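Numbering (my numbering), first residue to last: 721 to 1244. For each residue, glycine too, the CB sits at the ideal point set by N, CA and C. Just so we're clear, the structure is a prediction, and the values are computed from it rather than from any experiment. Read the structure below first, then the notes.
Next comes the structure, spelled out in structure tokens:
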């Protein structure tokens, strides 16, 4: 038997992910682009409905308030997505609500100055205004780090080895939003999971007029079938005598969104009244803004790969973070009850459909704005059970995590140094937040519980984020452990080309601003 050649058992590293039908600056037909944009909008509904559904009742808000918050979150998300795809990183990313803000927001909700208000509606409004004020002040973190290029300078300490745990845990770190939620209604969640895998992977080669219909629109088809199935179970009385928790996760009428939604309502700034400002609330919220920055950085790296683009240069990444800070400022002005971050599930959908077109995401932003104004129609789509979204998350979060692992191809994984950094960072990135979650669940407070509430929020928020913990550990180890003479093992010869805008000729194609704006804002 002849010796096996090295090239027969290995694959050469590739700057851009191959096999995509449409990359970042190529576009499908208008009809296909509109359908794909609508699919991204449907997927974005999951987070847009989940966050207000959880928080608004804690604040004393009614179903009408919940609907208005959902509409506002979608409206501002649509605006932020358009801004990000036009003037920010220009990557095909949906900007939506972030779970990173839950800890400081819940802390504000439980503030004694609000919890003692007897009137529920007044308590809701006062709490909302305090959250708005905290978001407005804390948005300055991303605005300053972005537009001053400080975050771009920080990225000079990143390498492929250091980024693997961060990007991977942007996906893996959301495991609690996957099958644990599917398990709350297995008769809907498990069939959705199986059907989505079958259509998007096993039947993806079935085409209609040369269009791989099942691969492109597996999400829409699967959701439509399981949504109808869930509705039949609901109207037939299958959940009539089931526990309240089961009804909440399985029924299609559980959120009371359709009956509460107005036909037409345009969200506007300060619609809840003038924001109130408190230094403690703002400091606590700044931790969530930092976590959002880290998680978005990882998501942008994944989105670039799934759009078949080169990694965004430091200047472009900082520009995107600056605009994301403006997005959080808009969240505070409008009152979305959450700050902004990149929607990880929509990044995963780029890979599932093999369409990384920027135009598709911009069309999706149009749907977000349109259906947030036409309340009844938006509420209809928002009645999809959470379990259906969770089943899809199992696939899409996994895809994003795998993209993070793909950066290993540019490193030497026969190096014990690299194995140590990647392994320890991923393990602690999962283990430390899990400790914080389990402690909070059992004690009804985080591990940090000093008399300074803002300090508690800061520590509990940062160390509850897998991607943030992974970044802190991996970047520290990568820049201190046997640092000399390891540039090649770390993947720096490949990585250094993409630090500057002019380092690679393809950057101009992918990241140049529209309307010839680069004349006024020359890239570095």
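### Message
Considering only the alpha carbon of each residue, which of 1130, 1080 and 819 lies closest to residue 775?
### Response
When C-alpha distances from residue 775 are compared across 1130, 1080 and 819, the shortest belongs to 819.
### Task
Could you tell me how far apart the beta carbons of residue 1007 and residue 1177 are, in whole angstroms, since I believe they sit closer than 8 Å?
With 8 Å as the limit, residue 1007 and residue 1177 qualify as a contact, their Cβ atoms being about 6 Å apart.
### Message
Taking 6 Å as the limit between beta carbons, can you name the residues of its chain near residue 1187, skipping five residues before and five after?
### Response
The answer, listed in chain order, is 886, 889, 890, 893, 1014, 1015 and 1018.
### Message
Quick check: what's the CA-CA separation for residue 1211 versus residue 881?
### Response
Each residue's alpha carbon lies about 7 Å from the other.
### Query
Expressed to the nearest angstrom, what Euclidean distance is found between the alpha-carbon atoms of residue 779 and residue 843?
Rounded to whole angstroms, the separation of the alpha carbons of residue 843 and residue 779 is 7 Å.
### Query
Leaving out the 5 sequence neighbours to the left and right, which residues in its chain are closer than 6 Å to residue 980 when beta-carbon positions are compared?
Cβ neighbours of residue 980 beyond the five flanking positions: 783, 784 and 787.
### Task
Spatial neighbours of residue 1226 within its chain, please: CB distance less than 6 Å, with the 5 preceding and 5 following residues excluded, ordered by chain position.
The residues are 1030.
### Task
Determine the direct distance from the alpha carbon of residue 754 to that of residue 748, and round the result to whole angstroms.
The straight-line gap from Cα to Cα measures roughly 9 Å.
### Message
Measuring alpha carbon to alpha carbon, tell me which residue in 939, 878, 951 and 931 is nearest residue 908.
### Response
Nearest option by C-alpha distance: 951.
#### Entry: Cβ neighbour criterion (16 or more within 10 Å) applied to residue 963
Classification for residue 963: exposed.
### Task
Could you tell me which residues DSSP pairs with residue 818 in its beta bridges?
In the DSSP assignment, residue 818 is bridged to no other residue.
### Message
Can you confirm whether the segment 834 to 848 touches the segment 1039 to 1047 when touching is taken to mean that 3 or more C-beta pairs between the two stretches lie within less than 8 Å?
### Response
At 8 Å Cβ cutoff, the stretches do not touch.
### Task
Under the assumption that residue 1218 contacts residue 1209 (Cβ atoms under 8 Å), give the Cβ distance between them as a whole number of angstroms.
The Cβ separation is near 18 Å, so there is no contact.
### Message
Considering just the uninterrupted stretch of the beta strand (DSSP E) at residue 1061, what are its terminal residues?
### Response
Annotation: the continuous beta strand (DSSP E) that includes residue 1061 extends over 1060 to 1062.
### Task
Use the C-beta contact count for residue 1200: other C-beta atoms within 10 angstroms, 16 or more gives buried, fewer gives exposed.
Around the beta carbon of residue 1200, fewer than 16 other beta carbons lie within 10 angstroms, which makes this residue exposed.
### Query
Where do the ends of the alpha helix (DSSP H) carrying residue 1124 lie?
Under the DSSP assignment, residue 1124 falls in the alpha helix (DSSP H) whose first and last residues are 1106 to 1125.
### Query
Cα separation between residue 1026 and residue 1170?
One C-alpha to the other measures close to 43 Å.
### Task
Enumerate in chain order the residues of its own chain whose CB-to-CB distance from residue 1058 is below 7 Å, with the five nearest sequence positions on each side excluded.
771, 793, 817, 818, 821 and 1051, listed in sequence order.
### Task
Could you check if residue 983 is buried or exposed, using at least 16 other CB atoms within 10 Å of its CB as the buried criterion?
Residue 983 comes out exposed.
### Query
Considering only the beta carbon of each residue, do residue 861 and residue 1003 sit closer than 8 Å?
Pairing residue 861 with residue 1003 gives a Cβ-Cβ distance that is not under 8 Å.
### Query
Between residue 1072 and the rest of its own chain, which residues show a CB-CB distance below 6 Å, the 5 nearest in sequence each way excluded?
Only 920 meet the Cβ criterion.
### Task
Could you tell me if residue 878 is buried or exposed, where buried requires 16 or more neighbouring beta carbons within 10 angstroms of its beta carbon?
It counts as buried.
### Query
Relative to the alpha-carbon of residue 969, which residue among 900, 1088 and 905 has its alpha-carbon at the smallest distance?
The option with the nearest alpha carbon to residue 969 is 905.
### Task
Identify, in the order they occur along the chain, each residue of the same chain with its Cβ nearer than 8 Å to the Cβ of residue 1094, setting aside the five sequence neighbours on each side.
983 and 984, listed in sequence order.
#### Entry: Range of the contiguous alpha helix (DSSP H) that encloses residue 1291
Any property of residue 1291 remains undetermined from this structure, which presents the chain solely from 721 to 1244.
#### Entry: Beta bridge counterpart(s) of residue 931 as assigned by DSSP
DSSP lists 928 as partners of residue 931.
### Query
Any idea what DSSP makes of residue 988, helix, strand or coil?
Residue 988: coil per DSSP, three-state reduction.
### Message
I'd like to check one pair, residue 1194 with residue 1126: are the Cβ atoms closer than 8 Å?
### Response
Cβ atoms of residue 1126 and residue 1194: not closer than 8 Å.
### Query
Taking the alpha carbon of residue 761 as the point to measure from, which residue in 1097, 911, 898 and 1047 has its own alpha carbon closest?
For the residues 1097, 911, 898 and 1047, the minimum Cα distance to residue 761 belongs to 1097.
### Task
Mark residue 1032 as exposed unless 16 or more other C-beta atoms lie within 10 angstroms of its C-beta, in which case mark it buried.
With 16 or more other Cβ atoms from the protein chains shown falling within 10 Å of its own Cβ, residue 1032 counts as buried.
### Message
For residue 895 and residue 773, what's the separation of their Cα atoms in angstroms?
### Response
Cα to Cα, the separation comes out at about 20 Å.
### Message
In this structure, how does DSSP classify residue 961 when only helix, strand and coil are distinguished?
### Response
Note: residue 961 maps to coil in three-state DSSP.
### Query
CB-CB under 6 Å to residue 758, same chain, minus the five flanking residues each way: which ones, in chain order?
Result list for residue 758: 1087, in chain order.
### Task
Tell me, please, which residues DSSP counts as bridged to residue 1075.
Residue 1075 is bridged to 742.
### Query
Hey, residue 756 and residue 1080: beta-carbon distance below 8 Å or not?
Result yes, Cβ atoms of residue 756 and residue 1080 sit closer than 8 Å.
### Local Cβ density within 10 Å of residue 993, reported as buried at 16 or more and exposed below that
Classification for residue 993: exposed.
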